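Visitor: FYI, UniProt numbering numbers position 294 of the first sequence as 294, with every residue one higher than the one before it.
Yeah, the Cβ is synthetic: ideal placement off N, Cα and C, and Gly gets one too.
As the structure is a prediction and not an experimental result, all values here were calculated from the model.
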Amino acid sequence: MKQKIKKMIIQAVTDAYEKGALPSSEFPEVEIEVPRIEAHGDFSTNISMVMASVQKMAPRKIAEAIITHLKDPDNVLEKTEIAGPGFINFFINTFSWHPVLCEIHEKDMEYGASNIGNGKKVQVEFVSANPTGPLHVGHGRGAAVGDATANILLFCGYDVQKEYYINDSGRQINTLGRSVFLRYKTLFGQETEFPEDCYQGDYIVDIATEIKDEKGDALLAQDEAEAISYCARLAAKNILSGIREDLESFGVVFDNWYSEQSLFDSGSVDAMMDHFRTRGSIYEKDGALWFKTSDYGDEKDRVVVRQNGLTTYFASDIAYHQDKFTRGFDRVVDVWGADHHGYIPRMAASIEASGRDKNQFDVILVQLVNLLREGEPVAMSTRAGEFITLQDVISEVGRDAARFIFLTRHYESPLDFDLELAKKKTNDNPVFYVQYVHARISSILRKGRERGINMSEGFKTSNPSQGQASEISEILRTLKEPEEIQLIKAMTRYPETVEISGECMEPHRITYYLMNLASAFHAYYNKHRVLADDPVLTSGRLYLIMAVQKIIRNGLRLLGVSAPEKM
RNA sequence: GCCCCCGUAGCUCAGUGGAUAGAGCAAUGGAUUCCUAAUCCAUGUGCCGCAAGUUCGAUCCUUGCCGGGGGCACCA
């Protein structure tokens, strides 16, 4: 509808110029918006104000000229008006809204899909938590945001891959091994001090016990470094598979798991280092190797190889990101915790240094989650190993509630996650509010079927026969209640909501859209009976609510939330 | 000190330059002989942190300041 109005305006402006009603042929991009206030019409454009200076005419005069030349062959307009400083407001005929329902039924799960991504290969890397402990609530938010963003991009026509980067190399893995080995020694009664920098959680003891059960005291006889390395590998593998299970129970499935260690094994890190040394981006100073990230906007250069000869995390990360592009991705998106924001300039610099455009790389910085219970902060101490894991949260509040709540804020806003609130089955909790729409509609459809109402024939066929087409137009005519038109209008906005959400990579826009649509539906439901006495009217209303149901299911799917038939 | 994010109704937050700034919660009162009351309806609240600038027009863009959070390693 919006596009239709836009075309009409462009045509009118062109005609007006050709007929001499407008002096200049210079036309700005036409912007159409849905006014906040209903009295301002269904759509409005600011074009006459924008054109005023170029045309050297008063905005309202321009608006008049445009309206005079406006052609409306399909008769979609009820009226137009000039308002305020020069807005042109468009009022759409009630019946002109109806065809969108056919479109929704036709496209079904594809309604709202677009091709703005044009098949571009994009990778979304998210979670990527170190395999040194279980996922916590913050990772859950990253998972929800990353997964939904990837889903939305896919729906917008991108060729998307979801990837998890495993930091299975370096110091923290060694620390992990040391932690497990120390606990292992304790199991055999050996006095050991457990340093503060070691991982404190009980899961470390569990892993140590597993090793004891399997290997007995064999590790005690071994060279300590070897024993630690054994513990490290086993623990990382163990923890990683736990992470994978947690993510699966959260409904997140990755297309690819990428090992940091593999970058060393394959020689990618060395090759990267040689490459940038030859190009002069890596140089030696104070016995270390530095990357000249300051050439590309970073505040200072960064170390890639330390004095002690060990590479930094940054080094493998450069190689990793080079590899992403080598694998053919046009665009690379990283989802990081907000505490990593200082890391962005150097990462972006390394990508620019390799000749890539900086807008091929995006970082979504996800802000912290404050875990609450009844409004009170839940005490968590990583040091003491006391924390609530993502799995705990999923078990307590359920996957749907958790995912939805993670997506009820812009990712850059800190999020309060209240465990009690997440379980509440009231209006406070938006998940159920939206899901309830789906369940309610399902229930009506069940009832309808029980009563033997024919409701599926003709609704799904993409090429309706003559008879079906006229039947559909007959039932559409029954939809004229204000609440019905409101609902349909809300549904027309779904595709653009998805597009904007994809362009900005902001999944919360879908969340808000769904809450809004849900509200329009509940209001309608409470005022009008779908299964009415008049069979034609009933068909019309079923046609309407089935479209609502499709969008709810469709939108929830993008967020990774289920659409229940019953609640 | 430098960098990033936030500052909008009592609370939690939407609002990618438009007209009279919105929603939920909280508060009060109401709605179900009938499709799920996990629902709906009614009642009001704002120097959009402050100040300049850009613009026909700024909650939105720019700059400065104030307040809150986070980050500034040869850690990850």
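1) State the Cα-Cα distance for the pair D246 and T389, rounded to the nearest angstrom.
2) With burial defined as no fewer than 16 other Cβ atoms inside 10 Å of the residue's Cβ, what is the status of G375: buried or exposed?
3) Suppose contacts are defined by Cβ-Cβ distances below 7 Å. Is I351 in contact with V363 by that definition?
4) Please report how far the alpha carbon of F432 lies from the alpha carbon of R60, in whole angstroms.
5) In the DSSP assignment, the alpha helix (DSSP H) including L368 goes from what residue to what residue?
6) Which word fits K56, buried or exposed, when buried means at least 16 other C-beta atoms lie within 10 angstroms of its C-beta?
7) To which residues does DSSP link Y158 through a beta bridge?
8) Using alpha carbons as the reference points, say which of Y543, G267, R403 lies closest to H508.
9) What is the DSSP secondary structure of S44, reduced to helix, strand or coil?
10) If T132 and I239 are in contact, beta carbons under 8 Å, what's the gap, nearest whole angstrom?
11) Put K79 into one of helix, strand or coil per three-state DSSP.
12) Alpha carbon to alpha carbon, what distance is there between P134 and L368?
13) Using three-state DSSP, classify D213 as helix, strand or coil.
14) Tell me which residue opens and which closes the beta strand (DSSP E) that Y199 is part of.
15) For S281 and A353, which I take to be in contact (beta-carbon distance under 8 Å), what is that distance rounded to the nearest angstrom?
16) Once you ignore the five residues that flank V548 on each side, which residues in its own chain have a CB closer than 8 Å to its CB?
17) Quick check on R553: does DSSP put it in helix, strand or coil?
18) Assuming T293 and R346 are in contact, meaning their beta carbons sit under 8 Å apart, how far apart are those beta carbons, in whole angstroms?
19) Would DSSP call Q123 helix, strand or coil?
20) Are the beta-carbon atoms of D217 and F194 separated by less than 7 Å?
21) In terms of DSSP beta bridges, what is E163 paired with?
22) In this structure, how does DSSP classify G458 when only helix, strand and coil are distinguished?
23) Please give the ranges of any alpha helix (DSSP H) in the segment 366 to 452, keeping only runs that are unbroken, at least 4 residues long and fully inside the region.
24) For L310, count neighbouring Cβ atoms within 10 angstroms of its own Cβ and tell me buried if that reaches 16, exposed if not.
25) Pairs of beta-carbons, one from the segment 229 to 238 and one from the segment 174 to 193, closer than 8 Å: are there three or more?
26) How many Å lie between K212 and A221 at the Cα?
27) Assuming K527 is part of the alpha helix (DSSP H), what are its boundary residues?
28) Using only the alpha-carbon positions, how far apart do R451 and L542 sit?
29) Taking the continuous beta strand (DSSP E) assigned at F188, which residues delimit it?
30) Which two residues bound the contiguous beta strand (DSSP E) that contains G337?
31) Helix or strand or just coil, what does DSSP make of Y111?
32) Can you give, in chain order, each stretch of the alpha helix (DSSP H) that sits fully within the segment 465 to 495 and has at least 4 residues?
33) So who's on the other strand from L289, going by DSSP bridges?
34) At what residues does the alpha helix (DSSP H) containing I92 begin and finish?
35) Can we say the segment 84 to 94 touches the segment 25 to 44, given the rule of at least three CB pairs closer than 8 Å?
36) Is it the case that the Cβ atoms of L558 and N151 are separated by a distance below 7 Å?
Guide: By the coordinates alone:
1) 10 Å
2) exposed
3) no
4) 47 Å
5) First-last for L368: undefined, no H or E at that position.
6) exposed
7) Answer is none; Y158 lacks a bridge partner.
8) R403
9) strand
10) 7 Å
11) strand
12) 17 Å
13) helix
14) Y199 -> no beta strand (DSSP E), and no H or E assigned at all.
15) 5 Å
16) V437, I441, L487, M491, L517, F521
17) helix
18) 5 Å
19) strand
20) no
21) E125, N256
22) Note on G458: pLDDT 49, under 50, position unreliable in the model; the coordinate value appears next. In this structure, G458 counts as coil in the three-state DSSP scheme.
23) 390 to 397, 399 to 406, 419 to 423, 430 to 450
24) exposed
25) yes
26) 13 Å
27) 508 to 527
28) 13 Å
29) Taken as a continuous stretch (DSSP letters only), F188 belongs to no beta strand (DSSP E), as it is neither H nor E.
30) 331 to 337
31) coil
32) 466 to 476, 482 to 492
33) E284, V305
34) Taken as a continuous stretch (DSSP letters only), I92 belongs to no alpha helix (DSSP H), being part of the beta strand (DSSP E) at 87 to 92.
35) yes
36) yes
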